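Protein sequence lines correspond, in order, to chains A and B.
Going by the numbering used here, the first residue of the first sequence is number -16, and it counts up by one from there.
Going by the numbering used here, the first residue of the second sequence is number -16, and it counts up by one from there.
Where is the CB? At the ideal position from N, CA and C, for every residue including glycine.
The structure presented is a predicted model; accordingly, all values stated were derived computationally and were not measured.
Protein chains: 2
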Amino acid sequence: MYPELLNHVKRYVQLTADEEELLCSKMELLTVKKKTLILEPGKMCKGNYFVLSGCVRQYIITSKLTEQVTQFALESWWIADQESLLNKQPSNYYIQALEDCDILLLTEANRVILFEQVPKMESYFRIMMQKSFVAVQRRVGFMLNMNDEERYRYFAGLYPGFVQRVPQYMLASFLGFTPQFMSRIRAKKV
Amino acid sequence: MYPELLNHVKRYVQLTADEEELLCSKMELLTVKKKTLILEPGKMCKGNYFVLSGCVRQYIITSKLTEQVTQFALESWWIADQESLLNKQPSNYYIQALEDCDILLLTEANRVILFEQVPKMESYFRIMMQKSFVAVQRRVGFMLNMNDEERYRYFAGLYPGFVQRVPQYMLASFLGFTPQFMSRIRAKKV
DNA sequence: CGCGACGTTGATTTGCCTCAACGATTGTGG
DNA sequence: CCACAATCGTTGAGGCAAATCAACGTCGCG
């Protein structure tokens, strides 16, 4: 049983004890060391990953051959390449552990079975996707309406601890500017 | 019965004749004139809208008091303020008809009933949300990795007819630059 | 017909990038 | 455990892409 997972699920749908057990039985536990790649370009994304402990990033190599961080995932966050899962095609992304991590994997095959046996889990995933969609849309809004400094300060205010937790150049990449520029912002006002 | 809607749904899940009828019975048909506001800030988003004919935009008034277009929806596209729906809170967005439109509304109340009576519709909406999420994530990728001219040409190539269909300043806003800049791009090469 | 909304074009400004060099910190093999 | 390399962060100088400001042309609609 994975209480972190169950607590998260139970915030959105109610499960019986049996269903809880069934859900946890479908999850595969991965224990990975820092810098391990959980997903690589060219490979199929195996399913949805739920971070129990640690911290993970998703990134892509751009046409200019630079790393572009597209997402982070902390404890109790889901992460996956939905494009690979949806279209059943090889991924273009990397997913990498930034710390030693415990991660649960719900494979696509298990997901399908789970949805049949526990339809409430499909509701849960619908809500998760809806929340993810809202989050990315807000991110687009920030990118369009704030300049780089405003965006950094807003993000740093939103996730105060997080800014210290990952290398600055990854955060800069995620926020859409250069590490140099970020360094200048931080030098300005303490 | 609304064949456009059914054709779209049937691309993702299979419905019986009864279920098709049930689905259509839950939809409310709106016929609106150009420039009509379907959603306004301060009001609750009533549900999910499916565009039968015409064209619609979603936008927000930014802190700098300018319009920022966040989304367009053409025939057979869904549109809604998912943030308002998810959190049951008043919207911050406008949704406006850019042409005379026929639009179907699935109210939140009807959606809940529909999902109970036809669980396959929850699958369908889960997949729609997943696709929407992937689409916005790709948009973020384009914003981070292409300059404004590349992004315009890419978009114009992707939806050739669409570029003519909406006012240029709305498209410029959606793509994240100024109408003046867009005009210069188009002047460059024909 | 006249007004307002939309598109174009030019001149200037600016926010951020690029390139480059230099510290600080981490980690790794001898 | 130390030495050295690699990685990461900082700082400065110069350059460029796109914004802003402003004026003018044009189209569509009441």
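Beta carbon proximity, residue i to chain B, threshold 8 Å
i, result
"residue 102 of chain A", "yes"
"residue 123 of chain A", "yes"
"residue 140 of chain A", "no"
"residue 134 of chain A", "no"
"residue 109 of chain A", "yes"
Contact set between residue i and chain B, taken where Cβ atoms lie within less than 8 Å
i, result
"residue 128 of chain A", "45, 46, 47 and 51"
CB contact below 8 Å: residue i versus chain A
i, result
"residue 69 of chain B", "yes"
"residue 159 of chain B", "yes"
Residue i: contacting residues in chain B (beta-carbon distance under 9 Å)
i, result
"residue 65 of chain A", "113, 114, 116, 117 and 120"
"residue 94 of chain A", "Under the 9 Å cutoff, chain B gives no residues; its nearest Cβ is about 11 Å from residue 94 of chain A."
Buried/exposed call for residue i, threshold 16 Cβ in 10 Å
i, result
"residue 100 of chain A", "exposed"
"residue 155 of chain B", "buried"
"residue 37 of chain B", "buried"
"residue 118 of chain B", "exposed"
"residue 67 of chain B", "buried"
"residue 43 of chain A", "buried"
"residue 109 of chain B", "buried"
"residue 135 of chain A", "buried"
"residue 9 of chain B", "buried"
"residue 158 of chain B", "buried"
"residue 120 of chain B", "buried"
"residue 0 of chain B", "exposed"
"residue 12 of chain A", "exposed"
"residue 147 of chain B", "exposed"
"residue 113 of chain A", "buried"
Under 8 Å by beta carbon: chain A residues contacting residue i
i, result
"residue 106 of chain B", "98 and 105"
Backbone CA spacing between residue i and residue j [nearest angstrom]
i, j, result
"residue 94 of chain B", "residue 106 of chain B", "13 Å"
"residue 164 of chain A", "residue 54 of chain A", "20 Å"
"residue 74 of chain A", "residue 80 of chain B", "37 Å"
"residue 179 of chain B", "residue 128 of chain A", "Absent from the model: residue 179 of chain B. The displayed extent of chain B is -16 to 173, so no value can be given."
"residue 97 of chain A", "residue 171 of chain A", "51 Å"
"residue 17 of chain A", "residue 150 of chain A", "13 Å"
"residue 19 of chain B", "residue 63 of chain B", "15 Å"
"residue 30 of chain B", "residue 91 of chain B", "5 Å"
"residue 86 of chain A", "residue 40 of chain A", "13 Å"
"residue 111 of chain A", "residue 23 of chain A", "24 Å"
"residue 71 of chain A", "residue 65 of chain A", "9 Å"
"residue 7 of chain B", "residue -15 of chain B", "7 Å"
"residue 115 of chain A", "residue 60 of chain B", "19 Å"
"residue 28 of chain B", "residue 83 of chain A", "42 Å"
"residue 123 of chain B", "residue 52 of chain B", "15 Å"
"residue 88 of chain B", "residue 166 of chain A", "49 Å"
"residue 138 of chain A", "residue 152 of chain A", "15 Å"
"residue 141 of chain A", "residue 125 of chain A", "13 Å"
"residue -13 of chain B", "residue 102 of chain B", "21 Å"
"residue -5 of chain A", "residue 46 of chain A", "39 Å"
"residue 48 of chain B", "residue -7 of chain A", "40 Å"
"residue 69 of chain B", "residue 21 of chain A", "31 Å"
"residue 3 of chain B", "residue -11 of chain B", "7 Å"
"residue 162 of chain B", "residue 131 of chain B", "12 Å"
"residue 56 of chain B", "residue 104 of chain B", "21 Å"
"residue 50 of chain B", "residue 15 of chain A", "46 Å"
"residue 133 of chain A", "residue 168 of chain A", "10 Å"
"residue 35 of chain B", "residue 143 of chain B", "20 Å"
Worksheet item: Where are the beta strand (DSSP E) runs, 3 residues long or more, that stay fully inside the segment 19 to 73 of chain A, in chain order?
Response: 20 to 22, 30 to 36, 39 to 44 and 50 to 56
Fill in: Every unbroken alpha helix (DSSP H) within the segment 75 to 106 of chain A, with a cutoff of 4 residues, ordered by chain
Runs found: 91 to 100.
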